[in-house]
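Residue numbers (full-length UniProt numbering): 1 to 202.
Think of the CB as a built atom: it goes at the ideal place given N, C-alpha and C, for glycine as much as any other residue.
Quick caveat: nothing in here was measured; it's all calculated off a predicted structure.
Report on one structure; see the data block that follows.
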């Protein structure tokens, strides 16, 4: 198992800097024009933050967390405070036979110059999910796998029924280093700067 289903302490990660990164190869032609190639269909998020200064219990928490993940070996959850909520959004349409639907978030270009960008959400936060079918909230008759983002109905929604979900979600990440390069400028004072996390595909 290369993923531990635990969240990095939010009181420490709050203030992290980062967001989605795409991969594009840019080739400059002899004419001076550019040819651009999209390498990744999906973005990969990257973050960095400083644990500076950290004292007592907070530092022990970070130290224990880093050891438990064995550096880069195991992934974990991160709350991205810039993008952690899915407002009520349609994720599918019933066909009277399908019972499982992948939760995703859709990003829409306001200028309509590009097609919508769909991001699968696979790390759902417990007890935050709301489900509705054709605008009617459902309190039961469904379940969500919080580790895969799969919504499962007990009975398949009828044909053409609109299935909508609202929830909170985390990002699956790992440390981008095997070395905890901490400085200790004084008694019970610790600095670990430019801690880097990268999103992992699961």
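Within its chain, find whatever has a CB closer than 6 Å to the CB of residue 37; leave out the 5 residues flanking it on each side and keep chain order. Sequence-distant partners of residue 37 (beyond 5 residues in either direction) whose C-beta falls short of 6 Å from its own C-beta, in its chain, are 25.
Rounded C-beta distance between residue 75 and residue 2? I'm assuming under 8 Å. Indeed they touch by this definition, with Cβ atoms about 6 Å apart.
Would you identify the three-state DSSP class for residue 100, choosing helix, strand or coil? DSSP, read as helix, strand or coil, puts residue 100 in strand.
DSSP three-state assignment for residue 165, whether helix, strand or coil: Here DSSP, grouped into helix, strand and coil, assigns residue 165 to strand.
Thinking C-alpha only, which one of 143, 197 and 201 is nearest residue 78? The shortest Cα separation from residue 78 among 143, 197 and 201 belongs to 197.
Are the CB atoms of residue 195 and residue 165 within a distance shorter than 8 Å? No. Outside cutoff.
CB-CB under 7 Å to residue 92, same chain, minus the five flanking residues each way: which ones, in chain order? The residues are 101 and 163.
Whole-angstrom distance between residue 116 and residue 106, CA atom to CA atom: Taking the straight line from one Cα to the other gives about 6 Å.
According to DSSP, is residue 127 part of a helix, a strand, or is it coil? DSSP, read as helix, strand or coil, puts residue 127 in coil.
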